[in-house]
Amino acid sequence: MKNKLGRKLFSKQNLKDLKTPLLFLLFFLSLGIWRYLITDKIFYLYNFTYIGVALGIGILLNSNLDKENKQWGRKITQLLIGIYMLGYLGLIRKDNMQLEGFFFYLLAGIFAAATLHYFIAKIFGPLIFGRGWCGWACWTAMVLDLLPESNQKNRKQNFGKIRYIHFILSLVIVIYIMINNNNIFSNLNFALYWLAFGNITYYIIGISLAYFLRDKRAFCKYVCPIPTLQKILTRFSLLKIEVESHKCIDCHICEKHCPMGIKIIKYKKEGKRVLSTECILCQSCKDICPTNAVDVTLGLDGQINKEYIYYDQS
Ligand code: SF4
Ligand code: SF4
Ligand code: SF4
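Numbering (numbering that gives the first Met the number 0), first residue to last: 0 to 313.
Shown next as structure tokens:
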């Protein structure tokens, strides 16, 4: 079994599959070298190399594993990056990677690792890879994605407003704390407690929602404030999901497995790529499609915003 997998991963006909992981590795390596040359901090070099390698491993596995196991490539990348960011950057280096930490660094004019992380993964990166962070790297979703698959077409339309309230509350809390005690976020132990408390709360809410709403990505759809930032530029994303009409047999299996409850086939029928800013580029639709009609394509879209989502009454 091991030899068979080894042959499959490295056989000549699959060498073309190495191009994408190598491209990602090169991109992140270049980013690390650039930051290292500017700052003289070796941290940037190993940090970005690690992220490039973790992404490369997942993409390589995803393109070479059997159909039913392909999603493990993505989940392994998610675990590798998530554990590194939460465990090493957060708990050991004490970088406050929570949204509140980012707000603080931004308002205080501090360029920390968390600032760079937010700029790349959550604000400007979405111009290229949309909400790929949510599908491939998030440390909250790395746990939620291990929960059993559930009914993803029962999205509650009004619950989505909670994420915007959460976003505003986070900003208000940081401004309030800064006005009253300007230095508290600079205290490394405070950053550590904030990160630990915030994430434990997220896991408890995320798992409870998944259980009660029978939807493992309910936390992402309703509570998490991060999409508020990501969705601004995700609508312009170069990478998006596309269904080839002539290959599609309208079986709707892709929609059944879409964790974000997107009406993928409605986009196809209108001759568009999946324009929804809810798409997390997880590729579940691509991996499950029996006719290989789905792919991630690079392009520019004339129309930039059209949300076709399954809500519980639709
Ligand atoms: S929506 Fe939030 S919790 Fe969900 S994957 Fe994205 S960043 Fe993570
Ligand atoms: S799973 Fe593939 S063939 Fe079936 S509806 Fe989706 S894109 Fe079309
Ligand atoms: S449309 Fe496809 S890639 Fe996007 S969230 Fe749904 S399953 Fe994932």
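C-beta atoms are modelled at their ideal positions from N, C-alpha and C, and glycine is treated no differently. As the structure is a computational prediction, the values presented were derived from the model and not from experiment.
In this structure, Ile240 keeps its C-beta atom at 8 angstroms or more from the C-beta atom of Cys288. Straight across, the Cα-Cα distance linking Gly89 with Trp33 is about 23 angstroms. Taking the C-beta atoms as reference points, Lys246 is found no nearer than 8 angstroms to Ala209. In the DSSP annotation of this structure, the continuous segment of the beta strand (DSSP E) that includes Val295 starts and ends at 293-297. Asn188 and Ile91 have their C-alpha atoms roughly 11 angstroms apart. Ranking Glu269, Cys281, Asp144 by CA distance to the CA of Lys305 puts Glu269 first.
Taking all protein chains shown into account, Gly124 has 16 or more neighbouring C-beta atoms within 10 Å of its C-beta and is therefore buried. Taking all protein chains shown into account, Pro20 has 16 or more neighbouring C-beta atoms within 10 Å of its C-beta and is therefore buried. The beta carbon of Ile252 sits closer than 6 angstroms to the beta carbons of Ile287 from its chain, once the five residues preceding and following it are set aside; these are given in chain order. The C-beta distance from Leu44 to Tyr35 rounds to 4 angstroms, short enough to fall under 8 angstroms. The C-beta separation of Tyr221 from Phe158 comes to about 4 angstroms, placing the pair in contact by the 8 angstroms criterion. Looking from the CA of Lys93, the closest CA among Tyr201, Lys255, Gln312, Ala195 belongs to Ala195.
A Cβ-Cβ distance of about 23 angstroms is found for the pair Gln97 and Pro258, leaving them out of contact under the 8 angstroms criterion.
Leu274 sits close to Ile303, with the two beta carbons spaced by under 8 angstroms. When the beta-carbon positions are compared, Leu238 and Leu170 stay at least 8 angstroms from each other. Around the beta carbon of Gln312, fewer than 16 other beta carbons lie within 10 angstroms, which makes this residue exposed. Per the DSSP secondary-structure output, Tyr310 pairs in a beta bridge with Arg154. As the crow flies, the alpha-carbon of Thr48 is around 9 angstroms from that of Ser29. Taking a 10 Å sphere around the C-beta of Lys215, we find 16 or more other C-beta atoms and assign the residue as buried.
One Cα belongs to Asp144, the other to Thr276, and the distance between them is close to 19 angstroms. Under the three-state reduction of DSSP, Glu241 is assigned to strand. Every residue whose beta carbon comes nearer than 6 angstroms to a heavy atom of ligand 1 appears here in chain order: Cys133, Cys137, Thr139, Ala140, Phe218, Cys219, Cys223, Ile225, Pro226. Taking a cut-off of 8 angstroms for Cβ pairs, the segment 119-135 and the segment 199-208 do not touch, as fewer than three such pairs fall below it.
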